[in-house]
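K.L.:
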Amino acid sequence: MPKTSPPPRPQLERMSIAIAFMLVCMSPIGAVALEGDLDFSGRIRPLLASRCFNCHGPDPETREAGLRLDTQTGALALLESGDHAIIAGNSKESEILHRVQSRETGYRMPPEDAGEPLSEEEISLLRAWIDAGAVYDTHWSFVPPKRPAIPTEDPQQWSTKSLDRLVLESLHKAELAPNPRAKLATLARRISLDLIGIPPNPDRVQELVSDPRPDALQRYVDEILASPAFGERWAAVWLDLARYADSQGYAQDSPRTIWRYRDWVIEALNSDMPFDEFTVQQIAGDMLNDPTENQLIATAFHRNTMTNSEGGTDDEEFRVAAVVDRVNTTMQVWMGMTMGCAQCHTHKYDPITQEEYYRFFAILNQTEDRDHPQEIPVYSSFSNRRLQERQQAQQQIKALEQKLAADPMPMPEIPTRPADEKLLSRYIRIQLLANQTFLSLAEVQAFAGDANVALKGKANQSTTAYEGPASLAIDGNTNGHYSEAKSTTHTDRENNPWWEVDLGSEHAIDRIMIWNRNDTPDIGARLKPFRVLLLDNERQPLWAGRFEEAPKPSLAISLPATWSERTDASLKEIEAYLLSPDANPSGDAQRLAQLQEKFKNLREDITTPIMRQLPEEKQRDTFIHLRGNFRTRGDAVSPGLPSAFHDAPKTTALNRLDLAKWLVAPGNPLTARVIANRFWENLFGVGIVETSEDFGTQGSGPSNQRLLDLIASDFSNREWGVKSLLRDMVLSATYQQSSHVTQAKLEQDPYNQLLGRGPRFRLSAETIRDQALATAGLLSQKMHGPSVKPPRPNLGIRAAFGGSTDWQPSPGQDRFRRGLYTSWRRTAPYPSMTTFDATSREVCTIRRIRTNTPLQALVTLNDPVFIEASQGLARKVLRDSDGDENTALRKLFWLVLSREPEGNEVTVLMNTLAEAKDALSASPEDARQLAETPLGPLNAEADQTQYAAWTVLANVVLNLDETLSRP
Amino acid sequence: MTEKRIQNQFDRHPLAMATRRQFLQSGTLGLGSLALADLGLGRASAGETKEAPGPLVPKTPHFPGKAKNVIYLHMAGSPPHLDLFDYKPTLESRTGEDCPAEFYEGKQFAFTSNRPTLLGTPHKFQQHGESGAWFSDAVPMLSEHADDLCFVKSMYTEQFNHAPAQMLLYTGSPRMGRPSIGSWVTYGLGSENQDLPGFVVLISGGTNPSAGKSAWGSGFLPSIFQGVQCRSKGDPVLYASDPAGMDRSMRRLSLDAIQSLNQLQYEKMKHPETQTRISQYELAYRMQMSVPEVMDITRESQQTLEMYGAKPGDASFGNNCLLARRLVEQGVRYVQLFDWGWDFHGTNPGEDIRDGLTKRCQPMDRGVSALIKDLKERGLFEDTLIVWSGEFGRTPFREGRTSKGEILGRDHYPDCYTLFMAGGGVKGGVTYGSGDELGFSVAENPVHVHDLQATMMHLLGFDHEKLTYFFQGRDFRLTDVHGRVVNELLA
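First to last, the sequence lines map onto chains A and B. Here the first sequence stands for residues 25 to 991, where the numbers follow this note's numbering. Here the second sequence stands for residues 183 to 673, where the numbers follow this note's numbering.
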């Protein structure tokens with residue numbers, strides 16, 4: 025073997041300092057990233073991870089030869105073979121180096137079936153690192169960010185901002201210069217599309233351009249940040265992470281009502297809720313002290329998991345699947361770590377063991393939801409419409425009550441007859457004088473002499489329920505046991521239920537016997553207080569009695585024979601009857617009772633699934649699921665958080681609230697970076713860490729770590745303010761560069777990771793739709809509420825075991841709402857938006873991969889939604905320019921692109937316009953359709969050919985690459 | 183196709199940005215090395231040609247595959263294999279007996295919880311062809327192709343509900359989020375016709391399969407690789423029709439304006455993406471013509487229509503079989519059919535395994551037979567891999583819920599079932615693997631759905647362990663960490 029020359033001395037010194045430092049203090053904060061080629065995190069660990077960890081990594085299940093190379097202790101250990109894989113400072117004696125250089129099958133590492141041998145370059149790197157001491161340091165992203173020192177040098181006075189200084193430094197290192205600043209009008213469009221997802225009003229752009237104040241742009245930015253559209257734009261981004269959808273997913277994919285969560289996100293963003301609070305409320309809002317309605321709704325974040333209501337499925341299987349999703353989503357969204365691998369085995373590359381996975385799982389395994397088709401537990405609330413109905417009913421009730429109080433009913437006249445005339449009864453009526461109760465009677469007997477004349481009568485009652493028709497009280501069976509005798513009547517639960525028998529003709533009744541239902545004393549006690557009433561042929565009251573006690577089991581009532589024999593008590597009861605709603609079916613009192621009943625039924629009509637902790641005694645035990653299968657239980661585990669990161673709170677039983685606080689704790693090395701990076705990605709097209717979903721050892725690493733650490737530490741230090749984070753970015757010189765690119769820059773930095781130009785990339789699916797509708801003046805400003813159904817092609821297809829996936833478009837302005845309000849059915853997401861890479865939201869999507877496909881062209885060229893927008897745009901520009909077509913063209917450009925058309929552009933478009941008019945004037949029916957379908961008829965005097973040709977022109981402009989891109 | 187062309191593609195295409203890392207990290211074989219050689223340099227050759235080749239240009243697999251195209255015929259709901267191909271005389275003789283405890287105790291079934299009774303087939307079985315393969319009287323036309331078919335009677339899966347079983351079959355995982363096999367195939371192979379989508383999905387029976395779009399989704403692969411659902415009513419591809427009142431010349435006029443302005447924009451800003459968009463708009467224009475053309479079966483002879491049982495305007499299985507042939511003929515890489523209505527629980531007469539099954543089989547029997555015959559006549563059979571299957575099998579016993587009724591039905595069954603393959607690279611006239619005499623478990627040569635996937639990928643020229651995509655910190659592949667190529671099926 026060739027002799028290896030010793031590494032240069034200065035480097036050695038630096039390394040030994042690093043080693044000493046690590047030995048003193050092994051906490052992540054103490055670790056120091058090594059500079060240059062031998063940076064462990066940057067170069068060595070990725071090499072070992074991709075080529076060696078599969079068999080020599082953190083996972084003990086797949087570890088070969090007892091060797092692990094992911095820790096220094098493991099790498100330096102004495103192996104079973106008697107060798108040391110690595111001897112620090114001595115590559116010649118390190119077995120690993122012999123192995124990777126060997127060509128001998130069975131000896132060579134990695135083995136043939138695990139891939140190609142290491143390259144010469146990789147071997148040299150490994151050798152140099154071992155000779156320099158084989159120092160391990162912590163993966164960069166596991167060390168909390170510190171605000172970096174800011175370079176003071178900037179001879180060109182490009183910018184005073186820290187962010188720009190760091191960018192400029194890296195540009196200078198690459199011998200590049202930043203692009204000049206973009207035009208103000210371009211910036212106006214860029215900022216507006218970025219921050220609120222809709223293009224600016226041309227007048228406001230002109231105002232900005234002519235505003236001489238030095239802080240004009242700052243004012244513009246602040247104005248935009250204050251717009252309610254801000255929350256809508258950024259909610260669309262968060263909802264991808266939250267996997268928000270308006271359906272349950274899986275085969276049936278039934279509708280789900282969870283839009284209050286979407287509205288919560290919009291409002292949280294608009295009110296600039298600090299991100300730590302935003303986090304805690306979503307993960308554990310229900311566990312805060314005395315949680316507010318909003319805090320409960322926020323927990324719907326983790327109720328966006330799917331529910332399987334397909335017949336024959338095991339609810340526990342899908343409940344577990346939902347908890348698994350929550351574990352994975354939580355770590356992905358906040359900490360950019362992929363936990364998923366550890367579900368089945370200890371993570372091969374990142375330091376997360378399978379046991380740690382299930383300890384995390386245990387924290388989220390204690391909520392009440394259980395894949396129930398009704399999505400319980402839910403938070404019930406009133407819709408605006410329901411609130412209005414309630415208010416209306418309340419007002420009516422109040423008015424009636426006042427009226428009745430002010431003007432009580434006149435004392436009714438009690439019918440009288442000659443004193444000795446006999447009381448002849450046609451009807452016997454029994455009524456409970458109580459609300460929300462049942463009336464059950466075993467038998468009612470009416471004796472005229474010895475004959476029970478009721479047996480020949482016809483019975484009726486207010487309602488019938490539980491198979492207890494009114495006739496059972498005149499069937500001759502007095503047995504009051506409901507289920508045994510099956511001879512008792514039964515009404516529904518209601519106010520003042522009644523039972524009545526029509527004897528067919530008038531009879532002189534001497535005696536009435538009432539037999540109560542008597543299965544149990546409690547049930548028997550329902551029959552009190554009640555009134556017995558006798559009525560004549562004309563339904564005039566003859567006699568009445570009020571009874572305070574329930575018959576046990578029967579009650580005999582002796583009746584007077586003549587009119588004069590009636591007692592005062594009876595006359596008083598007749599009076600009470602005559603005053604009751606029962607005697608005045610159309611009176612105010614009856615109306616009042618109806619209204620009160622209606623009001624009671626105007627219940628909460630929105631149910632939002634939320635998280636709710638199981639009570640202590642019902643908490644679940646959690647086990648490791650061997651190979652990820654929940655039916656194969658391994659050891660029981662207690663709740664816990666991965667140990668590779670900052671410490672978890674010291675409590676025996678970690679719960680969701682502890683988890684939430686841990687995610688945004690000051691020592692958390694990842695959350696601030698991950699979140700700041702994601703906002704950066706949205707403004708710059710690519711994150712500083714390109715793999716925004718993976719900050720682990722397999723991720724891409726930061727293109728400029730100091731830049732990332734600057735924005736991350738500023739973000740968390742300034743109370744996690746999202747708006748100030750974005751404000752800093754858009755007010756930077758870096759962001760405001762022109763986006764044009766030169767051949768040289770394209771060659772040197774094709775993906776703009778050095779940030780030497782402004783970013784230009786395609787707009788999101790939602791923004792493409794919103795922009796088209798906004799420029800046409802069609803976009804609705806309405807916020808919040810249930811999701812809407814804009815037009816889309818019918819497919820004539822049903823979901824498996826579910827209903828049609830087609831829909832009837834929403835009427836009125838709901839046709840033109842912003843894209844984020846579109847009903848998101850997982851099995852049939854809105855087709856034009858998915859074509860532009862919107863996802864089905866079945867699982868959390870960290871970043872949408874942008875594509876550029878012919879199917880996208882078909883959407884913006886042909887989708888009736890975009891044709892409608894083209895028509896709206898054509899009408900708007902023609903109307904606003906009094907028919908002057910040059911003015912109209914300028915307006916068109918300003919509306920869509922925030923700029924003047926250039927000379928050659930005007931030529932192309934005017935020629936197109938002329939040709940289109942020529943062709944269309946020859947076919948008026950085409951012209952009419954092109955101008956009016958689907959937007960609707962033009963004024964009678966409008967020139968259809970002109971409007972049709974301008975629709976073509978508007979369609980052209982809405983399809984330009986510049987329109988579909990951030991400028 | 184030259185290497186240069188592929189290089190250009192990744193130089194210039196926006197996907198390069200998204201997939202660069204994936205390619206860089208996907209090892210050094212096949213696709214990886216091509217892209218590595220190129221993308222590592224990060225060269226961007228803007229402004230050379232007006233039209234960038236799409237991401238679907240044909241690509242070379244790991245080794246020459248015997249099949250070039252795939253037609254997957256999925257009987258959604260899962261047909262009763264014991265009444266079609268897997269003859270069990272012992273089960274027949276024990277019909278009505280209580281199911282032996284070992285086969286149901288401690289097991290979970292979708293709709294059976296009490297002790298069920300054994301159910302042999304009510305159909306007549308016969309052997310056909312030189313191979314002597316078994317067919318029931320429900321599939322008379324298919325039996326004429328006995329020696330073309332390759333049966334696997336030892337298939338198994340872990341999933342006994344439709345949606346997860348379909349996802350496992352198509353994406354390698356029972357949970358949502360992974361790319362489907364059609365996406366993997368087009369990602370690996372591209373497609374032969376740039377004017378048509380590379381991966382087409384056709385649905386009959388009016389209902390999506392239970393797994394919905396996940397069965398043809400691209401998961402974490404770029405969305406260009408997802409299946410495109412083509413329809414026989416309305417626009418064959420969404421938004422392929424020009425707006426009302428706009429004829430082709432008007433569309434051309436407006437497209438020319440778009441392209442001129444985009445070109446001006448390109449000259450000003452020099453973004454390669456602008457050029458890609460120019461080429462995608464041209465492709466869209468061509469697709470507007472080529473898709474309706476390929477989907478228009480009125481161009482077929484009356485005789486062909488009859489052979490398939492196809493009728494213009496229908497969304498029938500026969501139509502879709504005919505369309506599958508037309509698409510493959512035009513160079514579409516992967517055609518996926520889903521036919522709804524094979525969930526034979528016995529909850530209605532249509533789900534009775536006696537007459538119900540015979541009726542249900544008629545269009546299928548006819549369509550598949552016609553497809554095999556037609557592909558052969560056109561010389562496409564050798565290049566086209568046909569797979570026919572459900573997502574699992576059905577129980578050898580009567581389904582629990584309906585066991586007291588008149589109608590005979592079977593429950594879902596994952597432990598042992600049957601599928602067949604034909605064409606591109608598989609042995610005809612072969613029956614591989616078998617179940618026990620009652621059909622409860624695999625007796626020999628088990629084939630898991632991951633093995634099926636591995637075998638299909640092999641037939642197309644891929645080592646299933648090496649066609650990977652780097653996502654969330656690791657290389658993902660269709661077969662997860664499983665799968666073995668079943669060499670015995672290969673011609």
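Every residue, glycine too, gets a C-beta built ideally from N, C-alpha and C. No experiment lies behind these values; they were computed from the predicted model shown.
Specify the secondary structure class of A475 of chain A as computed by DSSP and reduced to three states.
P.N.:
Residue 475 of chain A sits at position 451 when you count from the first residue of the first sequence. Reduced to three states, the DSSP call for A475 of chain A is strand.
K.L.:
Restricting to Cα atoms, I'd like to know which of B:L437, B:T242, B:V239, B:K250 is closest to L642 of chain B.
P.N.:
The residue given as residue 642 of chain B occupies position 460 in the second sequence. Looking at the Cα atoms, B:K250 is the closest of the given residues.
K.L.:
Check whether the Cβ of I634 of chain A lies closer than 7 Å to any heavy atom of the ligand PLP, and answer yes or no.
P.N.:
In terms of ligand content, the structure shown is empty, and the ligand PLP therefore cannot be addressed.
K.L.:
If you draw a straight line from the alpha carbon of I215 of chain A to that of V229 of chain A, how long is it in whole angstroms?
P.N.:
The sequence position of residue 215 of chain A within the first sequence is 191, counting from 1. The sequence position of residue 229 of chain A within the first sequence is 205, counting from 1. Whole-angstrom Cα-Cα distance: 11 Å.
K.L.:
What does H764 of chain A touch in chain B if you count any residue whose Cβ is under 9 Å from its own?
P.N.:
What you label residue 764 of chain A is simply residue 740 of the first sequence in a count that begins at 1. Those within 9 Å of H764 of chain A in chain B are K450, M451, K452, H453.
K.L.:
Taking all protein chains shown into account, do 16 or more other C-beta atoms lie within 10 angstroms of the C-beta of A386 of chain A, making it buried, or fewer, making it exposed?
P.N.:
For the purposes of this step, residue 386 of chain A is taken as residue 362 along the first sequence, with counting starting at 1. Under this definition A386 of chain A is a buried residue.
K.L.:
Counting only C-beta atoms, is M477 of chain B closer than 8 Å to chain A at any point?
P.N.:
As a working mapping, residue 477 of chain B is identified with position 295 in the second sequence. No, because no Cβ of chain A sits closer than 8 Å to the Cβ of M477 of chain B.
K.L.:
Closest Cβ-Cβ distance between M358 of chain B and chain A: below 8 Å?
P.N.:
Looking up residue 358 of chain B in the second sequence gives position 176. Yes, M358 of chain B counts as interfacial toward chain A.
K.L.:
Run through chain A and tell me which residues come within less than 8 Å of F293 of chain B, C-beta to C-beta.
P.N.:
If you number the second sequence from 1, residue 293 of chain B lands on position 111. What F293 of chain B touches in chain A: G335, G336.
K.L.:
Under 8 Å between C-beta atoms, does S578 of chain A make it to chain B?
P.N.:
Here residue 578 of chain A is taken as the residue at index 554 of the first sequence, counted from 1. No, no contact with chain B.
K.L.:
Starting from A501 of chain B, trace the alpha helix (DSSP H) both ways and give me its first and last residue.
P.N.:
Here residue 501 of chain B refers to the residue found at position 319 of the second sequence. First, the residue type needs correcting, since residue 501 of chain B is Asn and not Ala in the sequence shown. Per DSSP, N501 of chain B belongs to the alpha helix (DSSP H) from 499-511.
K.L.:
Under 8 Å by Cβ, that's how I've got I222 of chain A and A253 of chain A pegged, so tell me the actual separation to the nearest angstrom.
P.N.:
Counting from one through the first sequence, the residue named residue 222 of chain A turns up at place 198. Counting from one through the first sequence, the residue named residue 253 of chain A turns up at place 229. Confirmed, Cβ separation roughly 6 Å.
K.L.:
Count Cβ pairs between the stretch 514-534 of chain A and the stretch 477-492 of chain A that sit closer than 8 Å; are there 3 or more?
P.N.:
Result yes; three or more Cβ-Cβ pairs closer than 8 Å.
K.L.:
Are the stretch 584-598 of chain B and the stretch 521-538 of chain B touching, with three or more C-beta to C-beta distances below 8 Å?
P.N.:
At 8 Å Cβ cutoff, the stretches touch.
K.L.:
Find the residues of chain B that neighbour P817 of chain A, judging by a C-beta separation of less than 7 Å, and give them in chain order.
P.N.:
The sequence position of residue 817 of chain A within the first sequence is 793, counting from 1. Within chain B, the residues near P817 of chain A are G416, D417, L420.
K.L.:
Is A625 of chain B helix, strand or coil when you go by DSSP?
P.N.:
Here the question's residue 625 of chain B lines up with position 443 in the second sequence. Strand at A625 of chain B.
K.L.:
Quick check on S105 of chain A: does DSSP put it in helix, strand or coil?
P.N.:
Stepping through the first sequence from its first residue, residue 105 of chain A is reached at position 81. Here S105 of chain A sits in coil by DSSP.
K.L.:
CB-CB under 7 Å to R742 of chain A, same chain, minus the five flanking residues each way: which ones, in chain order?
P.N.:
As a working note, residue 742 of chain A is residue 718 in the first sequence. Cβ within range, chain order: S748.
K.L.:
Report the start-end ranges of each alpha helix (DSSP H) in the stretch 510-541 of chain B that is 4 residues or longer and not cut off at the edges.
P.N.:
None, since the stretch 510-541 of chain B contains no complete alpha helix (DSSP H) of that length.
K.L.:
Taking the C-alpha atoms as reference points, what is the distance between T758 of chain A and R781 of chain A?
P.N.:
As a working note, residue 758 of chain A is residue 734 in the first sequence. As a working note, residue 781 of chain A is residue 757 in the first sequence. About 7 Å.
K.L.:
If I follow the unbroken beta strand (DSSP E) through L100 of chain A, where does it start and stop?
P.N.:
Residue mapping note: residue 100 of chain A aligns to position 76 of the first sequence, counting from 1. It is not in any beta strand (DSSP E) - L100 of chain A instead sits in the alpha helix (DSSP H) that spans 96-100.
K.L.:
Are there 16 or more other CB atoms within 10 angstroms of the CB of D374 of chain A, so buried, or fewer, so exposed?
P.N.:
As a first step, residue 374 of chain A is located in the first sequence; it is residue number 350 there, counting from the start. Label assigned to D374 of chain A: buried.
K.L.:
Short check: CB of L553 of chain B to CB of R507 of chain B, under 8 Å?
P.N.:
Residue numbering aside, residue 553 of chain B sits at position 371 when the second sequence is read from its first letter. Residue numbering aside, residue 507 of chain B sits at position 325 when the second sequence is read from its first letter. Against a cut-off of 8 Å, the Cβ pair of R507 of chain B and L553 of chain B comes out as a contact.
K.L.:
Going by other Cβ atoms of all chains shown within 10 Å of its Cβ, with 16 needed for buried, is G561 of chain B buried or exposed?
P.N.:
Residue mapping note: residue 561 of chain B aligns to position 379 of the second sequence, counting from 1. Exposed: under 16 other Cβ atoms inside 10 Å.
K.L.:
Have a look at A:K642, A:E641, A:Q643, A:G658 and flag the residue whose alpha-carbon is nearest the alpha-carbon of H649 of chain A.
P.N.:
For this step, residue 649 of chain A is matched to residue 625 along the first sequence. Answer by Cα proximity: A:G658.
K.L.:
Assuming N352 of chain A contacts M359 of chain A under a Cβ cut-off of 8 Å, what Cβ separation, rounded to an integer in Å, is found between them?
P.N.:
Along the first sequence, one-based indexing puts residue 352 of chain A at 328. Along the first sequence, one-based indexing puts residue 359 of chain A at 335. Wrong, their Cβ atoms sit about 11 Å apart, outside the cutoff.
K.L.:
Do you know how far the Cα of R871 of chain A is from the Cα of L263 of chain A?
P.N.:
Reading the first sequence from its first residue, position 239 is the one you call residue 263 of chain A. Reading the first sequence from its first residue, position 847 is the one you call residue 871 of chain A. Answer to the nearest angstrom: the Cα atoms are 12 Å apart.
K.L.:
Could you list the residues in the stretch 421-447 of chain B with a C-beta less than 9 Å from some C-beta on chain A, going in chain order?
P.N.:
Cβ contacts with chain A: Y421, A422, S423, D424, P425, A426, G427, M428, D429, S431, M432, R433, L435, S436, L437, D438, A439, I440, S442, L443, N444, L446, Q447.
K.L.:
Pull up the distance between the alpha-carbon of S623 of chain B and that of T661 of chain B, whole angstroms please.
P.N.:
As a first step, residue 623 of chain B must be located in the second sequence, where it is residue number 441. As a first step, residue 661 of chain B must be located in the second sequence, where it is residue number 479. Rounded to the nearest angstrom, the two C-alpha atoms are 23 Å apart.
K.L.:
Please tell me whether P404 of chain B has its Cβ less than 8 Å away from any Cβ of chain A.
P.N.:
In the second sequence, the residue the question calls residue 404 of chain B occupies position 222. Yes, P404 of chain B lies at the interface with chain A (some Cβ there is under 8 Å from its Cβ).
K.L.:
Could you tell me the distance, in whole angstroms, from the CA atom of S529 of chain A to the CA atom of R535 of chain A?
P.N.:
Mapped onto the first sequence, residue 529 of chain A falls at position 505. Mapped onto the first sequence, residue 535 of chain A falls at position 511. Going from the Cα of S529 of chain A to the Cα of R535 of chain A covers about 17 Å.
K.L.:
Which same chain residues, not among the five before or five after V765 of chain A, have their C-beta less than 6 Å away from its C-beta?
P.N.:
Position 741 of the first sequence, counted from the first residue, corresponds to residue 765 of chain A. Once the five neighbours on either side are set aside, the close Cβ partners of V765 of chain A are R781.
K.L.:
Counting Cβ pairs, one atom from each stretch, are 3 or more of them under 8 Å apart for the stretch 449-467 of chain A and the stretch 538-553 of chain A?
P.N.:
The answer is yes - the stretch 538-553 of chain A touches the stretch 449-467 of chain A, with three or more Cβ pairs under 8 Å.
K.L.:
Who are the neighbours of R822 of chain A on chain B, taking C-beta pairs under 8 Å?
P.N.:
Reading the first sequence from its first residue, position 798 is the one you call residue 822 of chain A. The contacting residues are G388, T389, N390.
K.L.:
Are the stretch 828-844 of chain A and the stretch 794-813 of chain A in contact at 8 Å, needing three or more beta carbon pairs?
P.N.:
Flag = yes, the stretch 828-844 of chain A and the stretch 794-813 of chain A touch.
K.L.:
Would you give the residue range spanned by the beta strand (DSSP E) that R332 of chain B belongs to?
P.N.:
Position 150 of the second sequence, counted from the first residue, corresponds to residue 332 of chain B. At residue 332 of chain B the sequence reads Cys, which differs from the Arg that was named. Here the beta strand (DSSP E) through C332 of chain B covers 331-338.
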